[in-house]
Amino acid sequence: MRWVNLKVNRGAGLLLGALPLAGLALAYVIAAAARHAANPADKILPLPGAMAEAMGALLFNADPLSGQLLFWADLLASLQRLGLGLSIATLSALLVGLVLGALPPVRATFGPLVTAIAVIPPIALLPILFIVFGLGETAKVALIVIGIAPYMIRDVAGHITALPREQIAKALTLGASSWQIVLRIALPQALPRLFEALRLSLGPAWVFLIAAEAIAADVGLGYRIFLVRRYLAMDVILPYVAVIALLAMLMDFLLTRASRRLFGWAHLASR
Amino acid sequence: MADAMLSLKNVWVEYGDKVVLERISLDIAEGSFVSIIGPSGAGKSSLLRLILGQEAPSRGEILLDGRPLAAECGPDRGVVFQRYSVFPHMTVLANTMFGLECEKAPLTARLFGRQRRAARERASEMLAAVGLSDSLDLYPAQMSGGMQQRLAIAQALIKQPRLLLLDEPFGALDPGIRADMHVLTTRLWREFGLTVVMVTHDIKEAFSLGTRVLTLDKRRHDPHAPHRYGAGVIYDLSLSRKAEQAAAEAALESPQSAPSITIDTKGNT
Numbered sequence: 043m044r045w046v047n048l049k050v051n052r053g054a055g056l057l058l059g060a061l062p063l064a065g066l067a068l069a070y071v072i073a074a075a076a077r078h079a080a081n082p083a084d085k086i087l088p089l090p091g092a093m094a095e096a097m098g099a100l101l102f103n104a105d106p107l108s109g110q111l112l113f114w115a116d117l118l119a120s121l122q123r124l125g126l127g128l129s130i131a132t133l134s135a136l137l138v139g140l141v142l143g144a145l146p147p148v149r150a151t152f153g154p155l156v157t158a159i160a161v162i163p164p165i166a167l168l169p170i171l172f173i174v175f176g177l178g179e180t181a182k183v184a185l186i187v188i189g190i191a192p193y194m195i196r197d198v199a200g201h202i203t204a205l206p207r208e209q210i211a212k213a214l215t216l217g218a219s220s221w222q223i224v225l226r227i228a229l230p231q232a233l234p235r236l237f238e239a240l241r242l243s244l245g246p247a248w249v250f251l252i253a254a255e256a257i258a259a260d261v262g263l264g265y266r267i268f269l270v271r272r273y274l275a276m277d278v279i280l281p282y283v284a285v286i287a288l289l290a291m292l293m294d295f296l297l298t299r300a301s302r303r304l305f306g307w308a309h310l311a312s313r
Numbered sequence: 239m240a241d242a243m244l245s246l247k248n249v250w251v252e253y254g255d256k257v258v259l260e261r262i263s264l265d266i267a268e269g270s271f272v273s274i275i276g277p278s279g280a281g282k283s284s285l286l287r288l289i290l291g292q293e294a295p296s297r298g299e300i301l302l303d304g305r306p307l308a309a310e311c312g313p314d315r316g317v318v319f320q321r322y323s324v325f326p327h328m329t330v331l332a333n334t335m336f337g338l339e340c341e342k343a344p345l346t347a348r349l350f351g352r353q354r355r356a357a358r359e360r361a362s363e364m365l366a367a368v369g370l371s372d373s374l375d376l377y378p379a380q381m382s383g384g385m386q387q388r389l390a391i392a393q394a395l396i397k398q399p400r401l402l403l404l405d406e407p408f409g410a411l412d413p414g415i416r417a418d419m420h421v422l423t424t425r426l427w428r429e430f431g432l433t434v435v436m437v438t439h440d441i442k443e444a445f446s447l448g449t450r451v452l453t454l455d456k457r458r459h460d461p462h463a464p465h466r467y468g469a470g471v472i473y474d475l476s477l478s479r480k481a482e483q484a485a486a487e488a489a490l491e492s493p494q495s496a497p498s499i500t501i502d503t504k505g506n507t
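Written as structure tokens, this is what we have:
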């Protein structure tokens, strides 16, 4: 049978997907063991045991200076910033994207503004945010919002604009007003697209979060990674990166599931 | 014509210096089924968009029941397009109820309680009339093209429009389904006393369904500037005997197999 026709069932798919990950882990352990055979004090590729030990201290032992469990404090701070940023961006994408997409005069007025903001590299705005909002939480959340909201707004607005003209004409012949069209025709069809835009924005959102934390913070996953870098503490950096990757994958998975559960109609065609 | 429901008076459609339709003067009587045929690009769909109110004529005026037509779609005209006529995010029942909800709930566009049950009842009746009783909770993506067009018709008819506009409604359907849809359309036209304007490029369909067939084409052609002359109505055939037959045989379920054709007017300008 030709490769393009080969079907992979669920169990085999999981197994095949796990193979490269397992291969990568194995390659790491072999390389780490080789380095430790040459130099038992090697810090660049720590052995799994060393990583567990370092992380155990962060997970279960309170920091003598602050009295906090550092890993959990970092996780909580980062998730709070990310959650706030994502929520604000999603809500504004829904509201702004909806009116921008559905109402031509609004699109003509504010479309260019959104485009102008979207083309500015958000990191270039970070100094301005720190100057305006100070070094606290606001600037970090604002960076995430400014980083992802314009893309999400444009995506949602574009999707609404691209709804077939026939649908709008049909709604009008059924007696719908502009408000009713926004509420019953545009909004429900924008929601699955919003979920998709949010899912694709998770990656950039993490980038902006880590960048903001690396530059000015006293707690957070990104802050910790950049702090312990000074001591070549790969035994902390690598588990932290793994935690970030796992969280990102979990969010992606949950959003996909939620979209399928909530907007079944949008996934009928792709089945 | 005194009893004309829809009148077009010397209507032109021009985009810049491109003339699409010129000198269209038409009177459409209440209760007629007008088929519009013509070659591609002859402005069939433009004419339908004019009547629908999606576009305004660049010259001339359109009157519905003696009043000038607003250049905006409204609930007095129902429409079924070839595609995208139904809302993909609503079930069959919700699609049909939408027209009623817009009318009775301006703010939320949703009905609750007793009003909702009444709307549901009416929608189910209308869906039964088009043969979709078993599919109330399906989404359009789960249905065939023919079923989607049935839904689009039910959705339009629940508003009891003065005029039903069909834009190549059966163009994407296979022949068997298309024949079923012809029977359905003829039945609904009689039962609800509809006035229908249908654009099609299927000549057989135009004659088997219509009581009047309009042919759009260019009267003149300038080979150096083909865009300077627009299309007009070059044939206006009234299938008068068929209309009488239809009234007499209202109980008959099948569409007429061999309609007799009387040519009333030719080249109406």
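Line by line, the protein sequences give chains A and B.
Residues 43 to 313 (my numbering) are what the first sequence spells out, left to right.
Residues 239 to 507 (my numbering) are what the second sequence spells out, left to right.
Where a beta carbon is used, it is the ideal one built from N, C-alpha and C, also for glycine.
Excluding the 5 residues flanking residue i on each side, which residues of the same chain have their C-beta closer than 6 Å to its C-beta?
| i | result |
| --- | --- |
| Glu268(B) | Met243, Thr433 |
| Phe408(B) | Arg416, Met419 |
| Gly139(A) | Ile195, Val198, Ala199 |
| Ala74(A) | Leu87, Leu89 |
| Leu286(B) | Leu403, Asp405, Val437 |
Quick check on residue i - is its C-beta less than 7 Å from some C-beta in chain B?
| i | result |
| --- | --- |
| Lys85(A) | no |
| Leu310(A) | yes |
| Ala211(A) | yes |
| Glu208(A) | yes |
| Gly200(A) | no |
| Arg235(A) | no |
| Pro147(A) | no |
| Ala218(A) | yes |
| Trp114(A) | no |
| Gln122(A) | no |
| Leu225(A) | yes |
| Leu214(A) | yes |
| Gln231(A) | yes |
Under 7 Å between C-beta atoms, does residue i make it to chain A?
| i | result |
| --- | --- |
| Tyr377(B) | yes |
| Lys397(B) | yes |
| Gly316(B) | yes |
| Ala347(B) | yes |
| Glu341(B) | yes |
| Tyr467(B) | no |
| Phe430(B) | no |
| Phe350(B) | no |
| Tyr322(B) | yes |
| Gly337(B) | yes |
With respect to the alpha helix (DSSP H) encompassing residue i, which residues constitute its N-terminal and C-terminal limits?
| i | result |
| --- | --- |
| Phe271(B) | First-last for Phe271(B): 271-275, but that is the beta strand (DSSP E), not the alpha helix (DSSP H). |
| Asp294(A) | 276-304 |
| Met385(B) | 383-395 |
| Met97(A) | 90-102 |
| Arg416(B) | 413-429 |
| Met335(B) | 330-342 |
| Glu215(A) | At residue 215(A) the sequence reads Thr, which differs from the Glu that was named. Element bounds for Thr215(A): 207-215. |
| Asn398(B) | Before going on, a small fix: residue 398(B) reads as Gln here, not Asn. Where Gln398(B) is concerned, there is no enclosing alpha helix (DSSP H), given that its DSSP letter is neither H nor E. |
| Arg510(B) | Because chain B here runs from 239 to 507, residue 510(B) falls outside it and cannot be looked at. |
Can you name, in chain order, every residue of its own chain whose Cβ lies under 8 Å from the Cβ of residue i, other than the five neighbours on each side?
| i | result |
| --- | --- |
| Asp294(A) | Arg241, Leu244 |
| Ile86(A) | Arg77, Leu274, Met276 |
| Ile210(A) | Ile223, Ile227 |
| Ala239(A) | Ala135, Tyr193, Met194, Asp197, Val198 |
| Ile441(B) | Ile275 |
Which residues in the same chain as residue i place their Cβ atom closer than 7 Å to its Cβ, once the five residues preceding and following it in sequence are excluded?
| i | result |
| --- | --- |
| Lys397(B) | Pro313, Gly316, Gly337 |
| Met364(B) | Thr334, Ala392, Leu395, Ile396 |
| Gly431(B) | Gly269 |
| Pro164(A) | Leu185, Ile188, Gly189, Phe250 |
| Gln320(B) | Asp405, Glu406, Pro407, Gly409, Ala410 |
By the 10 Å Cβ neighbour count, where 16 or more other Cβ atoms means buried, how is residue i classified, buried or exposed?
| i | result |
| --- | --- |
| Val71(A) | exposed |
| Ile162(A) | exposed |
| Met239(B) | Here Met239(B) scores only 46 on pLDDT, less than 50, and its place in the model should not be relied on; the value that follows carries that caveat. Per the 10 Å Cβ criterion, exposed. |
| Phe237(A) | buried |
| Lys282(B) | buried |
| Ile190(A) | buried |
| Gln110(A) | exposed |
| Asp405(B) | buried |
| Pro106(A) | exposed |
Assuming residue i is part of the beta strand (DSSP E), what are its boundary residues?
| i | result |
| --- | --- |
| Ile173(A) | Unbroken run through Ile173(A) is the alpha helix (DSSP H), 164-175; no beta strand (DSSP E). |
| Ile86(A) | First-last for Ile86(A): undefined, no H or E at that position. |
| Tyr473(B) | 469-476 |
| Thr453(B) | 450-456 |
| Met436(B) | 434-437 |
| Asp405(B) | 401-405 |
Which ranges would you report for the beta strand (DSSP E) in the region 250-321 of chain B if only whole runs of at least 3 residues count? 256-267, 271-275, 297-302, 315-318
4-residue-minimum alpha helix (DSSP H) runs that sit fully inside the region 228-254 of chain A, ordered along the chain: none
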